[in-house]
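Peer 1: Got a structure for you, written out below as structure tokens; questions coming shortly.
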Amino acid sequence: MKKGLFTYENGIVMLMALTFGCLFFDRLALNFLMPYVAKDLNLNNTQIGLLAGALSLAWAFSSFFSTAWAETNNKKKIVFIVAVFIFSICSFGSGLATSFITLLLARLVMGFAEGPVIPLAQNFVERESSPNRLGLNAGILQAFGSALFGSILAPVLLVQIAENLGWRNAFFVAGLPGLLLGLLAWKFVKASTAESSKAFSDQISASQNKEKSSLNIKELLQYNNIKWGIGAACCVFGWWFATLPFISNYFVNTQSMSADDMGKTMGLLGVSGLVSSIIVPGLSDKIGRKKVLYAFISLGVIYPFAVYYLSGSALHLPAMFLTYFTMGTIPLVAAVIPSEAVPNHLKAKAIGLITGVAEIIGGVIVPGIAGLLSDTIDPSAFLWLSGLLALLAIFFISKLQEKPKIHHQNID
């Protein structure tokens with residue numbers, strides 16, 4: 003086996019990171035292209051909200067159920083590849099939409115296709131990671147997805163394409179890389195990475211035949227770090243999604259930033275998310291998961307104070323940059339903690355369950371509450387809700403075990 007940079011482990015991490023990045027690029031494309039789309043298709047705010055909520059709900063349910071089916075039936079590689087192709091094609095579908103209904107259908111199918119990609123990608127990375135690199139590898143995957151591609155590159159590239167070639171062509175361009183990455187996954191991902199061993203398959207057939215279609219939810223919840231990890235993930239996802247839809251509008255309309263300053267500030271937060279998604283999980287490999295989670299989720303409690311009280315001061319941007327490092331805990335609560343909590347045959351399901359529940363609670367319900375509170379109480383209410391969720395996350399983290407020992411026969 004080659005040593006150094008060109009190893010299979012590094013290749014899997016990079017391929018999954020690029021695929022995750024492409025997925026987030028496609029998922030967030032509509033957010034950045036909405037001014038153009040809404041004008042051409044005559045969309046109102048209710049329809050815009052439904053488009054975002056529909057994709058998130060489809061993503062959440064598919065994140066667990068599609069992943070569970072793939073793991074139970076030993077079809078993780080084929081499900082992953084098919085999902086990558088479908089969400090890429092759905093980006094073309096978004097570009098071809100002629101009405102709210104056709105766009106909604108394209109986004110629903112995209113959500114269902116994208117759901118299993120992240121849990122399976124994290125599962126592939128976990129299977130090939132060296133013991134001292136799991137956190138770092140999961141963080142690299144996260145950094146390329148939600149930070150580099152989703153928060154930094156997507157708004158710049160897509161808006162430029164929309165301005166010069168039209169918003170429909172922007173969706174077409176967004177869908178192309180996924181097709182290539184799907185082909186690379188088909189050629190590059192080994193069976194040993196994606197599929198269970200014959201011994202495992204035989205045991206499943208012999209001793210769990212009655213549970214062949216089982217989702218294993220009851221079994222998963224028997225593990226301490228799954229039971230409490232769901233709460234932690236919901237709070238961390240909620241901390242992020244409580245601010246994500248509202249923060250740019252808040253900067254402009256409440257804190258009187260210019261559009262240019264707002265764009266630079268959002269870019270800075272994107273850089274913070276990128277850097278933290280590598281540093282925070284990597285640090286957890288060295289000093290332990292819980293210590294890192296305590297430290298960086300505590301920054302999330304301070305984040306609303308940095309945004310609200312330091313506005314207009316020289317400390318505003320540096321303080322937001324540092325306190326936004328809570329972003330780096332997302333791969334830990336969504337992938338590393340669940341994958342270390344269960345035996346091999348449940349790892350993908352564990353990641354899918356936590357991601358799915360956290361997506362529904364943190365990504366669908368929390369933004370709705372945050373928007374309602376901000377409309378009825380104060381424009382800054384979404385900030386304080388995010389701080390409260392970070393504080394609640396610390397409680398759930400306190401219940402976790404540090405790399406628990408799993409008592410099972412390793413047959414995978």
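The sequence shown begins at 3 in the working numbering and counts up by one. All C-beta atoms in this analysis are idealised placements derived from N, C-alpha and C, irrespective of residue type, glycine included.
Give the DSSP-derived three-state secondary structure of V309 in the structure shown.
Peer 2: helix
Peer 1: Rounding to the nearest angstrom, what Cα-Cα distance links P306 and S388 in this structure?
Peer 2: Taking the straight line joining both Cα atoms gives about 7 Å.
Peer 1: On the DSSP letters alone, give me the boundaries of the alpha helix (DSSP H) that F174 sits inside.
Peer 2: 169-190
Peer 1: Say whether the segment 111-118 touches the segment 53-71, bearing in mind that this needs 3 or more beta-carbon pairs closer than 8 Å, one atom from each stretch.
Peer 2: At 8 Å Cβ cutoff, the stretches touch.
Peer 1: Going straight from the alpha carbon of L222 to that of I228, what length do you get?
Peer 2: 7 Å
Peer 1: Q403 to G354, Cα distance in whole Å?
Peer 2: Between Q403 and G354, the alpha-carbon positions lie close to 20 Å from each other.
Peer 1: Helix, strand or coil for R29 per DSSP?
Peer 2: Three-state result, R29: helix.
Peer 1: Is there contact between the segment 289-302 and the segment 381-399, where contact requires at least three CB pairs shorter than 8 Å?
Peer 2: yes
Peer 1: How long is the line joining the alpha carbons of V277 and L270, rounded to whole angstroms?
Peer 2: 11 Å
Peer 1: Looking only at C-alpha atoms, which of G23, L98, L43 sits nearest to F146?
Peer 2: Taking only the C-alpha atoms, the option nearest F146 is G23.
Peer 1: Taking only heavy atoms of the ligand HEM into account, decide whether any of them is closer than 7 Å to the Cβ of V191.
Peer 2: Questions concerning the ligand HEM fall outside what the structure shown contains, since it holds no ligand whatsoever.
Peer 1: Can you tell me whether F398 is buried or exposed? The criterion is at least 16 other CB atoms within 10 Å of its CB, across all chains shown.
Peer 2: buried
Peer 1: Does DSSP put R135 in a helix, a strand or coil?
Peer 2: coil
Peer 1: Between the segment 116-135 and the segment 247-267, do at least 3 Cβ pairs fall closer than 8 Å?
Peer 2: With contact defined as three or more Cβ pairs closer than 8 Å, the segment 116-135 and the segment 247-267 are not in contact.
Peer 1: Quick check: what's the CA-CA separation for L182 versus I83?
Peer 2: 11 Å
Peer 1: Taking 6 Å as the limit between beta carbons, can you name the residues of its chain near V368, skipping five residues before and five after?
Peer 2: G240, F243, A244
Peer 1: Once the 5 residues before and after S313 are set aside, which same chain residues still bring their CB inside 7 Å of it?
Peer 2: Q257
Peer 1: Within this structure, are the beta carbons of L45 and W169 separated by less than 8 Å?
Peer 2: no
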